[in-house]
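In what follows, a single structure is set out as structure tokens and then discussed.
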Amino acid sequence: MKGTHLGEFEELVLLTIASLASEAYSVAICDELERYTGRAAKLGVVHSVLNRLEEKGLAKSRLGEASSTRGGKRKRFYEVSHTGKVALTRSKEVRENIWRNIPGFNLEGSI
1 MKGTHLGEFE ELVLLTIASL ASEAYSVAIC DELERYTGRA AKLGVVHSVL
51 NRLEEKGLAK SRLGEASSTR GGKRKRFYEV SHTGKVALTR SKEVRENIWR
101 NIPGFNLEGS I
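In this text, residue positions in the sequence shown follow full-length UniProt numbering: the first is 1, and each later residue adds one.
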């Protein structure tokens, strides 16, 4: 699948979009990334990744309704596309296969 390779941060953003479901917009994505990773996610960086994910066909977006609390501006909501789901599943499988093959590094049941 050309163009569907996920970098680490792209994968985190895509997973975050999936976890937020219908509430996945840029500020919420940044907040959740910080909550999950303990590191601040800069809005500009997240916007760049969101644009790249859309260009790759891994995510898609739609504009929400205008709101008076946002001065009439509309939020852009994101969702994981079918291709994005396939890429995330493949990435998970690859990581799990590698983890299973590390000798003496089985942490199951020790957490």
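For glycine and all other residues, C-beta sits at the position ideal for the given N, C-alpha and C.
Helix, strand or coil: how does DSSP classify valine 64 here? The sequence shown places glycine at residue 64, rather than the valine named in the question. Note: glycine 64 maps to strand in three-state DSSP.
Mind the definition here: the region 61-73 touches the region 7-16 only if three or more C-beta pairs lie below 8 Å; say whether that holds. no
Give me whichever residues DSSP pairs with glutamate 79 in a beta bridge. Lys60
Let me check understanding here. Comparing Cα to Cα, which of Tyr36, Leu88, Ser19 and Asn97 lies closest to glutamate 10? Leu88
Run through DSSP, which three-state label would arginine 39 get? coil
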